[in-house]
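Asker:
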Amino acid sequence: MPILEVEEILVKYKKQEEQIETVLRTECIRDSLLNKDPKVGCLRLTIQETRNRNKLILKEQEVVKGNLRSKAIFSPMELQWEKVFNEYQINPSLPIITWIF
93 MPILEVEEIL VKYKKQEEQI ETVLRTECIR DSLLNKDPKV GCLRLTIQET
143 RNRNKLILKE QEVVKGNLRS KAIFSPMELQ WEKVFNEYQI NPSLPIITWI
193 F
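Our numbering numbers the first residue of the sequence shown as 93 and each following residue consecutively.
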């Protein structure tokens, strides 16, 4: 498909998308006016707001994954346990008894 055809299709669907968004906004306004509970509002987002929200969620997820990876690779607790284990092997606090069978 040539680029011009793709651009024409995108323009066509962009117009339809804008019409749908205006309908959703008017429904949202109508619902908020009819709704007597002030806490309940319009939860519908535009496409761009949804994309931005999803990008932020993915970015936060990558940060969390990076933090988990760094904690999995380097853990101060592991170093402390290794130090305690080595000290115990050098100088055990309990006598070691071997049983001969």
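Glycine included, each C-beta is placed from N, C-alpha and C at the ideal position.
Work out the CA separation of Ser162 and Asn183 for me, nearest whole Å.
Answerer: Using only the alpha carbons, I get a separation of about 33 Å.
Asker: Answer yes or no: do Ile149 and Glu109 have a C-beta to C-beta separation smaller than 8 Å?
Answerer: Contact flag unset, no.
Asker: DSSP three-state call for Leu160: helix, strand or coil?
Answerer: In this structure, Leu160 counts as helix in the three-state DSSP scheme.
Asker: Would you report the Cα separation of Thr118 and Glu170, rounded to the nearest angstrom?
Answerer: Going from the Cα of Thr118 to the Cα of Glu170 covers about 58 Å.
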